[in-house]
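K.L.:
When the letters of the sequence shown are read in order and numbered with numbering that gives the first Met the number 0, they come out as residues 0 to 273.
Backbone N, C-alpha and C define an ideal beta-carbon position, used for all residues, glycine too.
Below is a structure I'd like to ask you about.
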Amino acid sequence: MLSMELSPKTKPIGLIGHPVEHSLSPKLQNHIYTTMEMDYVYLAFDVQENMLQKTVEGMRSLHFTGFNVTIPYKEKVIPLLDEIDPQAALIGAVNTVQRKDGKLIGYNTDGLGFMHSLHVRGISCKGKRILVVGAGGAARAIGIYIAMEEPECIYIQNRTFNKALALSNCINMSYPSVITIPIINIPKPIDMIINTTSLGMWPKIEDNPLKGYSFHPDQVVCDIVYNPRMTKLLEYAQLAGCTIVGGIDMLVAQAIKAIEIWTGKIVPMEISNL
Ligand code: ATR
C-alpha cells in the first residue's frame with residue numbers, strides 16, 4: 000500500500016497492458032517514489048486493444064509524466080507515438096513512454112536494464128563470447144544492447160531456428176563488427192550465457208533451457224526469469240561456481256532507467272526490497 004501523501008500536485012505515471020494484474024511494477028515503482036520522497040504515483044491500467052489509441056491520447060491529455068507499456072502492446076504502441084528513440088526503433092518495441100513538451104517519446108529500457116544489472120556487478124560484454132538462448136522480444140532488446148559493447152561474438156540458440164536467424168541478421172546489419180551466429184549446438188568456449196526465454200518460470204520451475212549443459216566456473220550466467228529468483232538454470236550454474244545474475248535485477252534496473260527518463264533522477268539499485 001502507498002504510504003505517501005497524494006495531492007493535486009502528485010504527478011501520475013501509468014502502466015498499460017493486458018493483463019496487468021500480476022505486474023510487480025506498481026509495487027516497485029511506488030516503493031521507489033515513497034523511499035526517494037518523489038511526488039509521483041504509479042497506476043496500472045488493463046487496456047483492451049480497441050481502446051489502446053484512446054488510452055494513449057488520454058495519457059497525453061491528462062498530463063501523465065509518462066507510462067510503461069507491457070505485453071501485448073510493446074509493438075502496437077509505436078505508431079501512436081510522436082518520436083521513437085533509435086535503439087527502441089531498432090528493437091522494434093517500446094516499454095517506456097515519456098511525455099515531453101506535449102510529445103510522446105518511446106524508449107525501450109529492457110535492454111538498458113539488463114546492461115545495468117551487469118554493470119553494477121562490474122561485468123562487461125566487451126570481447127566476450129556470448130550465448131543468447133531465445134529469439135523473442137526480450138532477446139532482441141538484450142541482443143542489441145550487448146552488441147553495442149563489442150563482444151567477440153554472439154551465438155543465438157532458439158527452439159524456432161528461423162527466429163534465431165532473423166535476430167542474428169538484424170544484429171549483424173547494425174553491428175557488422177560483432178560476429179553473430181544462429182546455432183543449434185552450443186560451441187565452446189562460452190564466457191556468458193543469457194536465458195531470455197520463459198523456461199523455468201513459475202509454475203514450471205523444473206524447466207531448464209540448458210538441461211545437461213556443463214558449466215565452467217569462469218562463466219557468467221544470466222536469467223531474465225525472476226519468479227522464482229533462483230531458477231534451475233541459475234541453481235546449476237551457481238553449483239558449478241559461475242557468477243549468476245537473476246531476472247529481478249533486470250526488472251529493477253529497467254524500472255530505474257524508466258524513472259531516469261521520466262524524472263531525471265538517478266535511483267540507486269539498492270533501493271529495491273522486492
Ligand atoms: P518475450 O517478449 O518475453 O521475449 P516472446 O517474444 O514470445 O516473448 O519470446 C519467447 C521466447 O522464448 C522465444 O524465443 C520462444 O521460442 P520460439 O521462438 O521457438 O517460440 C522461447 N520459448 C518459449 N517457450 C519455450 C519452450 N517451451 N521451449 C523453448 N523455447 C521457448
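1. Do T159 and I260 have their C-beta atoms closer together than 8 Å?
2. Suppose the cutoff is 8 Å on Cβ atoms and the five residues either side in sequence are ignored; what does the same chain contact list for E82 look like?
3. Is A137 close to ligand 1? I mean its beta-carbon at under 7 Å from any heavy atom of the ligand.
4. Taking 7 Å as the cut-off, is the CB of L198 close to at least one heavy atom of ligand 1?
5. From the DSSP output, in three-state form, read off C169 for me.
6. From which residue to which residue does the beta strand (DSSP E) around F66 run?
7. Which residue from H17, Y41 and L27 puts its Cα closest to that of L5?
8. Ignore the nearest five residues each way along the sequence and tell me which others in I153's own chain have a CB closer than 7 Å to its CB.
9. Would you tell me roughly how many angstroms separate the C-alpha atoms of A257 and Q52, rounded to the nearest one?
10. With a cut-off of 8 Å, does the C-beta of A138 fall near any C-beta of chain C?
11. Should the region 115-123 be regarded as contacting the region 245-256, the criterion being three or more beta carbon pairs within less than 8 Å?
P.N.:
According to the data block:
1. The residue you call residue 159 lines up with position 160 of the sequence shown. The residue you call residue 260 lines up with position 261 of the sequence shown. Not in contact: T159 and I260 (Cβ atoms no closer than 8 Å).
2. Position 83 of the sequence shown, counted from the first residue, corresponds to residue 82. The residues K102, L103, I104 and G105, in chain order, have a CB closer than 8 Å to that of E82 in the same chain once the five nearest residues on each side in sequence are set aside.
3. The residue labelled residue 137 in the question sits at position 138 within the sequence shown. Flag set: Cβ of A137 near ligand 1.
4. By 1-based counting over the sequence shown, the position of residue 198 is 199. For L198, the distance from the CB to the nearest heavy atom of ligand 1 is below 7 Å.
5. By one-based count along the sequence shown, residue 169 stands at place 170. Of the three classes helix, strand and coil, the one that applies to C169 here is helix, per DSSP.
6. Within the sequence shown, residue 66 is the residue found at index 67, counting from 1. Unbroken beta strand (DSSP E) run through F66: G65 to V68.
7. As a position in the sequence shown, residue 5 is number 6, starting the count at 1. Selected option, being the one with the closest Cα: Y41.
8. What you label residue 153 is simply residue 154 of the sequence shown in a count that begins at 1. The beta carbon of I153 lies closer than 7 Å to those of I129, V131, G142, I145, A146, I170, V177 and T179 in the same chain, with the five residues before and after it left out.
9. Reading the sequence shown from its first residue, position 258 is the one you call residue 257. Reading the sequence shown from its first residue, position 53 is the one you call residue 52. Each residue's CA atom was taken as its position, placing A257 and Q52 some 22 Å apart.
10. The structure shown contains no chain C, having only a single protein chain.
11. Of all C-beta pairs linking the region 115-123 to the region 245-256, three or more are shorter than 8 Å, placing the two stretches in contact.
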